[in-house]
Amino acid sequence: MRGVKCLVTETSVLDPLEGIRYRGYSLPELLNKLPKAKGSAQPLPESVFWLLLTGEIPSFSQAEALSKEFASRADLPAHIVQLLNNIPADLHPMSQLSAAVTAMNSESKFAKAYAKGLKKSEYWRYVLDDSIDLISKLPVAAAMIYRNVFKDGKIKAVDYSEDYAQNFASLLGFDDPGFTDMLRLYLVIHADHEGGNVSAHTTHLVGSALSDPYLAYAAGLNGLAGPLHGLANQQVLLWLEKFKKLLGDSPITKEKVSEIVLKLLESENVIPGYGHAVLRRTDPRYLCQREFAHKHLPDDSNFKLVSILYEVVPDILERQGKARNPWPNVDAHSGILLQHYGLTEPNFYTVLFGVSRSLGTLASLVWDRALGLPLERPKSLSTEKLKYLSKKH
Ligand code: NMX
Ligand code: MLT
Numbered sequence: 162m163r164g165v166k167c168l169v170t171e172t173s174v175l176d177p178l179e180g181i182r183y184r185g186y187s188l189p190e191l192l193n194k195l196p197k198a199k200g201s202a203q204p205l206p207e208s209v210f211w212l213l214l215t216g217e218i219p220s221f222s223q224a225e226a227l228s229k230e231f232a233s234r235a236d237l238p239a240h241i242v243q244l245l246n247n248i249p250a251d252l253h254p255m256s257q258l259s260a261a262v263t264a265m266n267s268e269s270k271f272a273k274a275y276a277k278g279l280k281k282s283e284y285w286r287y288v289l290d291d292s293i294d295l296i297s298k299l300p301v302a303a304a305m306i307y308r309n310v311f312k313d314g315k316i317k318a319v320d321y322s323e324d325y326a327q328n329f330a331s332l333l334g335f336d337d338p339g340f341t342d343m344l345r346l347y348l349v350i351h352a353d354h355e356g357g358n359v360s361a362h363t364t365h366l367v368g369s370a371l372s373d374p375y376l377a378y379a380a381g382l383n384g385l386a387g388p389l390h391g392l393a394n395q396q397v398l399l400w401l402e403k404f405k406k407l408l409g410d411s412p413i414t415k416e417k418v419s420e421i422v423l424k425l426l427e428s429e430n431v432i433p434g435y436g437h438a439v440l441r442r443t444d445p446r447y448l449c450q451r452e453f454a455h456k457h458l459p460d461d462s463n464f465k466l467v468s469i470l471y472e473v474v475p476d477i478l479e480r481q482g483k484a485r486n487p488w489p490n491v492d493a494h495s496g497i498l499l500q501h502y503g504l505t506e507p508n509f510y511t512v513l514f515g516v517s518r519s520l521g522t523l524a525s526l527v528w529d530r531a532l533g534l535p536l537e538r539p540k541s542l543s544t545e546k547l548k549y550l551s552k553k554h
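Per the working numbering, the sequence shown starts with residue 162, numbered consecutively.
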């Protein structure tokens, strides 16, 4: 369905050359205009939710009020804590997050009100309330998964005076302000990518059946967990590890890099982090992260490797002649920033994407119900029917 215009999504629009605009603002504009966390150069991710929902950039005090609202709703129900503490530690962190979000639908105010009888014009209010609850709880669920799978299973309490990313960073167990700033950038740039990407489209589709926001977003998370979508950020790190093994002690020249990329292409279907279904230039989200790395980790060896790949891979993909877009996407860069600040477990990376993507997909879901959008149910045909129709015409 590439290029088929069949969805209405208010929150953002993706231009193949220019990249994403949230409510008309490009990412560089947003990084400049959105209210910043105290003492930080990076915006507050909660201000993105405000913007996507209302179309207006909030003031600092409006964003701060939202930080407090999120913190006040962060507690997980006891059965979710129990579920996450008992789930097998070797189950992929994305499956754990999806299971926890599905089970959180015990809390859905929309589902309860609908069961009692709710006017259609009132749906959006309950979907908004559930969405704010879910966004508030996601960092705690994500951090519990991280601490259970990779650390000692202990988790700090939410600090009601702190912003969303600051709380998320300390729940995960990171106290370096550099990590928190990187996390703010991460949460801002991954939040939304118009309506047709797999996670947004799935959330919209499942929501159209009036499944509550927990069920709808859990479905979106299951789409995000695919290697061609959000899981690509994990795959990039695994690919880089394979690359480094093949490089060994050899000096890192463009010729050597090219040779190894071609070798890896023989055994792998794709070069993760490159290509895009819509974009036809380097993803501006990649460029924001590159700028951040230039500023904060210019000498990092992974950054140097990713930079040389940026010089080599597009030519190789162009010569191969298959990929419509040979340029890097957001996932080619995010993992090495996380590695730099000590979050070194690649199979947790998509969970961070999952926390961020809730801001855009749930803002859209509120609009879906406010606009009274109907059940999404496209028509399909069998091959036999298609053959028949093509002969007839
Ligand atoms: N490396 C090698 N081959 C590629 C790549 C790549 N990075 N990207 C596309 N191709 C191939 C693709 O597999 C297909 O081959 P075939 O006809 O043999 O099936 C051909 O080029 C045409 O694909 P496109 O039309 O360019 O891409 P499409 O729109 O179908 O898919 C992606 C877009 C993003 C799924 C694809 O570029 C890809 O698989 N990239 C690697 C995975 C990745 O980075 N995904 C993350 C996307 C961003 N996100 O966060 O979601
Ligand atoms: C996304 O952020 O959703 C990805 O770049 C995939 C897409 O837009 O199709």
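Heads up, the beta-carbon is just placed ideally off N, CA and C, and yes, glycines get one too.
Computed from a predicted structure; not experimentally measured.
Beta-carbon gap between residue i and residue j smaller than 7 Å
i: L168; j: G357; result: yes
i: Y447; j: V418; result: no
i: S208; j: A232; result: no
i: I306; j: Q257; result: yes
i: N486; j: L440; result: yes
i: I421; j: V467; result: no
i: N172; j: L213; result: Correcting the residue type first, residue 172 is Thr in the shown sequence and not Asn. Contact: yes.
i: A326; j: L348; result: yes
i: V474; j: K415; result: no
i: A493; j: G434; result: yes
i: A235; j: V301; result: yes
i: D342; j: S201; result: yes
i: D291; j: S269; result: yes
i: L520; j: F271; result: no
i: T505; j: N394; result: no
i: L333; j: A361; result: no
i: L346; j: F464; result: no
i: S525; j: T170; result: yes
i: S331; j: K317; result: yes
i: M265; j: Y375; result: yes
i: G515; j: L385; result: yes
i: G368; j: D251; result: no
i: W488; j: T443; result: yes
i: S187; j: H351; result: no
i: T215; j: T364; result: no
i: K194; j: I218; result: yes
Residue i Cβ short of 6 Å to the ligand MLT heavy atom set
i: N358; result: yes
i: A386; result: no
i: H354; result: yes
i: A438; result: yes
Residue i beta carbon near the ligand ZN (any heavy atom closer than 6 Å)
i: L547; result: What this structure holds is the ligand NMX and the ligand MLT, not the ligand ZN.
Coil, strand or helix - residue i by DSSP
i: P374; result: helix
i: Y321; result: coil
i: D337; result: coil
i: P204; result: strand
i: Y510; result: helix
i: K406; result: helix
i: K197; result: strand
i: P238; result: coil
i: P475; result: helix
Start-to-end residues for the beta strand (DSSP E) that takes in residue i
i: R446; result: First-last for R446: 445-457, but that is the alpha helix (DSSP H), not the beta strand (DSSP E).
i: Y435; result: Counting along the chain, Y435 falls outside any beta strand (DSSP E), and DSSP gives it neither H nor E.
i: L175; result: 173-176
i: G180; result: 180-183
N- and C-terminal bounds of the alpha helix (DSSP H) containing residue i
i: I293; result: 284-311
i: S256; result: 254-264
i: P189; result: 188-194
i: I497; result: 492-501
i: T363; result: 359-369
i: I421; result: 415-428
i: T544; result: 544-553
i: S228; result: 221-233
i: K277; result: 270-277
Residue i Cβ short of 6 Å to the ligand NMX heavy atom set
i: K483; result: yes
i: H390; result: yes
i: Y435; result: yes
i: I432; result: yes
i: N247; result: no
i: D476; result: no
i: N490; result: yes
i: A239; result: no
i: A393; result: yes
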